[in-house]
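Scroll down for the structure; my scribbles are underneath it.
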DNA sequence: TCTCTGCTCAC
DNA sequence: CAAGTGAGCAGAGAC
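Residue numbers (this note's numbering): 99 to 573.
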């Protein structure tokens with residue numbers, strides 16, 4: 099495959115690597131680039147990439163895809179190169195200290211596991227752990243095996259055994275601590291560019307089949323946030339100096355708004371137009387109560403259904419997720435489909451469209467081809483059907499934030515601001531913002547994000563922005 | 001050194 | 001059978 103096709107299709111790393119050899123052999127290293135030269139490299143990279151993409155254009159078949167190319171992808175190339183070269187500052191002293199703490203806690207959890215198991219082994223090996231748990235300790239006579247025949251020891255399996263078996267909590271703690279240490283706390287400082295003192299991710303523009311970006315070397319799109327210990331790591335992402343702040347702006351419920359808008363479901367569109375809490379509004383409809391009467395559990399269930407819808411989840415998955423019976427889950431889903439009949443119709447129509455045309459598309463016309471949509475194999479076809487439902491939703495959200503990024507890039511340049519857009523995390527943008535520009539920048543961000551791709555049926559798009567001395571505080 | 005597997009992090 | 005899109009780590013085995 100030639101460079102051009104390889105690049106566009108995402109089989110080769112994009113941007114920085116090809117031109118200055120961030121990880122290529124014998125071409126020097128991104129970490130050695132002179133800080134003063136960074137801008138020149140970025141400009142050169144963008145020019146060449148634009149040229150290559152222009153040559154690739156005749157190969158694109160449909161008008162819709164050309165429009166996605168012209169309006170979304172091509173203009174984004176320069177935006178991404180700028181973001182990659184800009185990078186983001188990381189507090190290495192903080193991470194070094196945190197690493198020691200994680201090390202101590204992991205060691206302690208590991209020792210407790212060996213004590214309780216009555217044997218020492220490699221706790222980091224799922225295979226050895228499975229043998230200890232299910233053959234030596236016989237914790238579950240019906241233990242499940244993976245496709246290669248070893249015992250499954252994933253988090254979902256272990257959590258179910260946690261109440262009867264105290265050893266499980268220590269195993270899970272060990273897993274969490276070592277994951278955080280090896281993947282983030284110890285890895286990030288090594289990725290810092292010696293000249294810029296910052297980490298520079300690479301964004302792949304054509305790897306994810308839905309149109310999302312992906313991020314690697316390092317991946318800055320999966321920095322922990324869910325657990326207390328994980329969240330700490332976000333404190334290590336900081337502004338370039340004390341004259342700057344980190345701003346974080348994210349879309350509120352963007353995928354659900356998109357489902358509502360493209361399905362035209364009256365109840366969900368209305369809920370968004372009235373600015374309601376969408377999960378509470380959903381629960382009220384599904385359980386036939388007023389919004390004030392909705393209980394915590396009902397809202398939790400509704401939230402799960404709303405997410406499940408986006409992924410094409412069935413009663414089995416919902417039951418497993420919520421720890422309820424399949425009958426109960428089925429009842430919730432049936433009610434949901436009755437109350438939100440527009441969404442139910444959208445799902446059926448989209449699968450039918452895919453079966454007839456062999457593809458589905460986003461609001462911008464981005465296509466995903468589904469070669470298995472008419473397969474006679476139930477499992478294979480099922481996957482394709484869930485892809486048919488999910489891809490237009492996830493892909494439209496990707497179109498929207500990509501358009502917003504390009505618009506913002508231009509707006510920041512036009513206003514002659516020094517603040518920089520530095521990260522994208524699917525529905526979030528992060529900025530290294532000069533403090534005196536923040537009051538001007540915030541409305542610019544909100545306006546660009548909310549108006550990048552207006553949704554049908556008057557469904558409002560809402561973006562929220564916050565600031566702080568690190569990525570955690572900015573949220 | 002390379003590849004696959006199982007697991008876990010994000011949206 | 002059963003929830004979509006990614007990236008990266010350590011273990012384990014092939015070469």
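Ideal Cβ placement from N, Cα and C applies to all residues, glycine included.
The model shown is predicted, which means the values in this text are computed figures rather than measured ones.
Per-residue burial, residue 541 [other beta carbons within 10 Å of its own, 16 or more giving buried]
Here residue 541 refers to the residue found at position 443 of the first chain. Taking all protein chains in view, the Cβ of residue 541 is surrounded by fewer than 16 other Cβ atoms within 10 Å, so the residue is classified as exposed.
Residue 519 lies in the beta strand (DSSP E); which residues open and close that run?
Position 421 of the first chain holds residue 519. In this chain, the beta strand (DSSP E) harbouring residue 519 covers 518–522.
Among residues of its own chain, excluding the 5 on either side of residue 493, which ones have a beta-carbon nearer than 6 Å to its beta-carbon?
If you number the first chain from 1, residue 493 lands on position 395. Only 308, 309, 460 and 464 meet the Cβ criterion.
Cβ-based burial, residue 537 [other Cβ within 10 Å; buried from 16]:
Here residue 537 corresponds to residue number 439 of the first chain, with the count starting at 1. Answer is exposed; the Cβ neighbour count stays below 16.
Provide the residue span of the beta strand (DSSP E) that contains residue 576, from first to last.
There is no way to answer for residue 576, as the model of the chain reaches only from 99 to 573.
Local conformation of residue 384 per DSSP, three classes:
As a first step, residue 384 must be located in the first chain, where it is residue number 286. The answer is helix: DSSP assigns residue 384 an H, G or I state.
How long is the line joining the alpha carbons of residue 284 and residue 247, rounded to whole angstroms?
On the first chain, position 186 is the one that residue 284 refers to. On the first chain, position 149 is the one that residue 247 refers to. Roughly 33 Å separates the two Cα atoms.
Mind checking residue 390: buried by the 16 CB within 10 Å criterion, or exposed?
As a working note, residue 390 is residue 292 in the first chain. Exposed: under 16 other Cβ atoms inside 10 Å.
What are the partner residues of residue 312, as DSSP defines its beta bridges?
Residue mapping note: residue 312 aligns to position 214 of the first chain, counting from 1. Answer by DSSP bridge pairing, in chain order: 302.
With C-beta atoms as the reference, is residue 356 less than 8 Å away from residue 491?
Residue 356 sits at position 258 when you count from the first residue of the first chain. Residue 491 sits at position 393 when you count from the first residue of the first chain. Taking 8 Å as the Cβ cut-off, residue 356 and residue 491 qualify as a contacting pair.
By Cβ distance, which residues of its chain are closer than 7 Å to residue 328, with the 5 residues on each side in sequence left out?
Here residue 328 is taken as the residue at index 230 of the first chain, counted from 1. Here the set comprises 278 and 322.
Distance, residue 380 Cα to residue 452 Cα:
Translated into the one-based positions of the first chain, residue 452 becomes position 354. Translated into the one-based positions of the first chain, residue 380 becomes position 282. Roughly 28 Å separates the two Cα atoms.
What is the DSSP secondary structure of residue 296, counted as helix, strand or coil?
Residue 296 sits at position 198 when you count from the first residue of the first chain. In the three-state reduction of the DSSP assignment, residue 296 falls in the strand class, which pools E and B.
Can you grab the Cα-Cα spacing for the pair residue 291 / residue 175, in whole Å?
Locating residue 291 in the first chain gives position 193, counting from the first residue. Locating residue 175 in the first chain gives position 77, counting from the first residue. When rounded, the separation of the alpha-carbon atoms in residue 291 and residue 175 is 22 Å.
Determine the extent of the beta strand (DSSP E) in which residue 40 is found, giving its start and end residues.
Nothing can be reported for residue 40, as the shown portion of the chain is limited to 99 through 573.
Decide if residue 409 is buried, meaning its Cβ has at least 16 other Cβ atoms within 10 Å, or exposed.
Your numbering for residue 409 matches position 311 in the first chain. Label assigned to residue 409: exposed.
Would you identify the three-state DSSP class for residue 529, choosing helix, strand or coil?
Residue 529 sits at position 431 when you count from the first residue of the first chain. Reduced to three states, the DSSP call for residue 529 is strand.
Comparing alpha-carbon positions, which option in 498, 237 and 289 lies nearest residue 265?
As a working mapping, residue 265 is identified with position 167 in the first chain. Nearest option by C-alpha distance: 237.
Taking 7 Å as the cut-off, is the C-beta of residue 352 nearer than that to any heavy atom in the ligand PLP?
This structure simply doesn't include the ligand PLP, nor any ligand for that matter.
Please name the residue, chosen from 397, 178 and 296, that lies closest to residue 312 on a Cα-to-Cα basis.
Numbered from its first residue, the first chain carries residue 312 at position 214. Comparing Cα-Cα distances from residue 312 to each of 397, 178 and 296, the minimum goes to 178.
To the nearest angstrom, how far is the alpha carbon of residue 530 from that of residue 267?
Here residue 530 refers to the residue found at position 432 when the first chain is read from its first residue. Here residue 267 refers to the residue found at position 169 when the first chain is read from its first residue. When rounded, the separation of the alpha-carbon atoms in residue 530 and residue 267 is 39 Å.
Burial state of residue 168 (16 or more Cβ within 10 Å):
Taking the first chain and counting its residues from 1, the one referred to as residue 168 is at position 70. Label assigned to residue 168: exposed.
Alpha carbons only, please: which of 539, 250, 497 and 532 is nearest the one belonging to residue 306?
Indexing the first chain from 1 puts residue 306 at position 208. Of the residues 539, 250, 497 and 532, the one whose Cα lies closest to the Cα of residue 306 is 497.
Suppose contacts are defined by Cβ-Cβ distances below 8 Å. Is residue 190 in contact with residue 287 by that definition?
Indexing the first chain from 1 puts residue 190 at position 92. Indexing the first chain from 1 puts residue 287 at position 189. Yes, they are a contact pair.
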